[in-house]
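Asks: Structure in structure tokens, see below.
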Amino acid sequence: MKIPSENYRGIEFVRLSSLPEEQKNQIWQAVGRDKIIKILRNNVLLNDCLQYADYVSWYNRQHTLNGEQKIKPIEQNIKSVIKIA
Numbered sequence: 012m013k014i015p016s017e018n019y020r021g022i023e024f025v026r027l028s029s030l031p032e033e034q035k036n037q038i039w040q041a042v043g044r045d046k047i048i049k050i051l052r053n054n055v056l057l058n059d060c061l062q063y064a065d066y067v068s069w070y071n072r073q074h075t076l077n078g079e080q081k082i083k084p085i086e087q088n089i090k091s092v093i094k095i096a
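The sequence shown lines up with residues 12 to 96 when you count with our numbering.
Here it is, written out as structure tokens:
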């Protein structure tokens, strides 16, 4: 399940500690440490944040079966273009 983002001063992010245990473990293995950011919010350091765009990208890769789901919409668009032309 994809979780909603948090927002602080225009930065959309998720906290890895807020993720379901399975996602948390997978993301720590898959995402480079350089993607983990720290945010100081109300004098509290959040040191396990991931920008939401990176989280969504990772989530979509994890939930696409060998790219099949991404290919089908493209094929449908191509068929639509061919019919029009």
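Glycine included, C-beta positions come from ideal geometry on N, C-alpha and C.
1) Quick check on DSSP: helix, strand or coil for K35?
2) Since L30 and I38 are thought to touch, with beta carbons under 8 Å apart, how far apart are those beta carbons, to the nearest angstrom?
3) DSSP beta-bridge partners for Y19?
4) Could you pull the start and end residues of the alpha helix (DSSP H) that V67 belongs to?
5) Can you look up K49 in the DSSP assignment and give me helix, strand or coil?
Replies: Let me spell this out:
1) Position 24 of the sequence shown, counting from 1, holds the residue named residue 35. Three-state DSSP puts K35 in a helix.
2) As a first step, residue 30 is located in the sequence shown; it is residue number 19 there, counting from the start. As a first step, residue 38 is located in the sequence shown; it is residue number 27 there, counting from the start. The pair is a contact, with the Cβ atoms about 7 Å apart (cut-off 8 Å).
3) Locating residue 19 in the sequence shown gives position 8, counting from the first residue. Its beta-bridge partners are I22.
4) Here residue 67 refers to the residue found at position 56 when the sequence shown is read from its first residue. Its alpha helix (DSSP H) spans residues 63 to 73.
5) As a working mapping, residue 49 is identified with position 38 in the sequence shown. Here K49 sits in strand by DSSP.
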